[in-house]
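**Q**
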Amino acid sequence: MEKAEGREECNAKLKGSTAEFPLTIWEVAMAFGFVAAFAIGLSGVYLTMPASDYSFLKLPHTLEDLQILRYHLESYTSDYTLQVLVGYCMVYIFMQTFMIPGTIFMSLLAGALFGVFKGMTLVVFAATAGASSCYFLSKSIGRPLILSVWPDKLSFFQAQVAKRRKRLLNYMLFLRVTPTLPNAFINVASPIVDVPYHIFFLATFMGLIPASFVTVKAGLALGELQSLSDLYDFQSIAALFLIGIVMITPSLLSQSKS
1 MEKAEGREEC
11 NAKLKGSTAE
21 FPLTIWEVAM
31 AFGFVAAFAI
41 GLSGVYLTMP
51 ASDYSFLKLP
61 HTLEDLQILR
71 YHLESYTSDY
81 TLQVLVGYCM
91 VYIFMQTFMI
101 PGTIFMSLLA
111 GALFGVFKGM
121 TLVVFAATAG
131 ASSCYFLSKS
141 IGRPLILSVW
151 PDKLSFFQAQ
161 VAKRRKRLLN
171 YMLFLRVTPT
181 LPNAFINVAS
191 PIVDVPYHIF
201 FLATFMGLIP
211 ASFVTVKAGL
221 ALGELQSLSD
231 LYDFQSIAAL
241 FLIGIVMITP
251 SLLSQSKS
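Taking UniProt numbering, the leading residue of the sequence shown gets 1, the next gets one more, and so forth.
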């Protein structure tokens, strides 16, 4: 019954939002404002680096791109640690904010450059900040986009959130730990289905730790990776699902009692 009501509510929002798309001038200006802020920050980092050939600087899309980037950045990391850290965080947050694929390569790079503990801390911080940035941007201008791109998935997500409102943190942790729903979708959809930010933040911060550890640790042996499929073998995926089941169990028990 609750599931049907959730879908009806989402469908009502779908019908009522067609007039909101495309984005208004104000919403487009806000999106460009986000881009401009990142561009200014990255320009500041670039201007503080020594004069050199930075043609190697580009978003990695393959393991080969990543290995080239790691090779060049290693020589800068020890002498210009702050600039590399700030630049890394800004790029990661930018990619998360605008749902640009490839953050897994950035996580591998953190492990290769900074080691497991520092790399994981950096990734969890940048990923949480980027997810939060995406959350607030979506809260302001994301409804027309997600309703036009993922209407069915949003309807499902909204029904699940409504059903687990009393144990929402457990459910959000489950989604973060397991690959049930894409992280990019969770970031942009959460404010649309009224997931409170404090729950979104806690679930993101804690839920990203297990997968971040696996990826960052793999970055230590970057030269040995043949493909991204090597990152998550059956045991790794099973472990993540086990952690996720433990996190969602209180929610399931609460439902069975009610």
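Note that the Cβ used here is the ideal one computed from N, Cα and C, for glycine as well.
Counting along the chain, where does the alpha helix (DSSP H) carrying residue 46 start and finish?
**A** 25-47
**Q** Express the C-alpha separation of residue 222 and residue 67 in angstroms, rounding to a whole number.
**A** 7 Å
**Q** How would you call residue 117, buried or exposed, if buried means at least 16 neighbouring beta carbons within 10 angstroms?
**A** exposed
**Q** Pull up the CB-CB distance for residue 185 and residue 153, whole angstroms please, since I reckon it's below 8 Å.
**A** 6 Å
**Q** Do three or more CB pairs link the segment 36-45 to the segment 77-89 at distances below 8 Å?
**A** Yes, the segment 36-45 is in contact with the segment 77-89.
**Q** Counting only beta-carbon atoms, is residue 143 nearer than 8 Å to chain D?
**A** In the structure shown, chain D does not exist; there is a single protein chain.
**Q** Locate the alpha helix (DSSP H) running through residue 312, then write down its first and last residues.
**A** Residue coverage of the chain in this structure runs from 1 to 258, which leaves residue 312 outside it and unanswerable.
**Q** Would you kindly report the start and end of the unbroken alpha helix (DSSP H) that includes residue 205?
**A** 197-219
**Q** Where in the segment 119-185 do unbroken runs of the alpha helix (DSSP H), each at least 4 residues long, occur, reported from the N-terminal end onward?
**A** 143-149, 151-163 and 168-177
**Q** Run the CB neighbour count on residue 47, radius 10 Å, all protein chains shown included, and call it buried at 16 or more, exposed below.
**A** It counts as exposed.
**Q** For residue 71, name the three-state secondary structure that DSSP assigns.
**A** helix
**Q** When DSSP labels each residue in this structure, what does residue 62 get in the three-state scheme?
**A** coil
**Q** Quick one: using the 10 Å Cβ neighbour count with 16 as the cut-off for buried, is residue 70 buried or exposed?
**A** buried
**Q** Roughly how many angstroms separate the alpha carbons of residue 209 and residue 149, rounded to a whole number?
**A** Using only the alpha carbons, I get a separation of about 29 Å.
**Q** Can residue 220 and residue 127 be called in contact, C-beta distance under 8 Å?
**A** no
**Q** Alpha carbon to alpha carbon, what distance is there between residue 164 and residue 171?
**A** 7 Å
**Q** What residue from 54, 156 and 138 has the CA that sits closest to residue 181's CA?
**A** 156
**Q** To the nearest angstrom, report how far apart residue 215 and residue 108 are at their CA atoms.
**A** One Cα belongs to residue 215, the other to residue 108, and the distance between them is close to 6 Å.
**Q** Could you spell out the range, first to last residue, of the alpha helix (DSSP H) harbouring residue 107?
**A** 103-114
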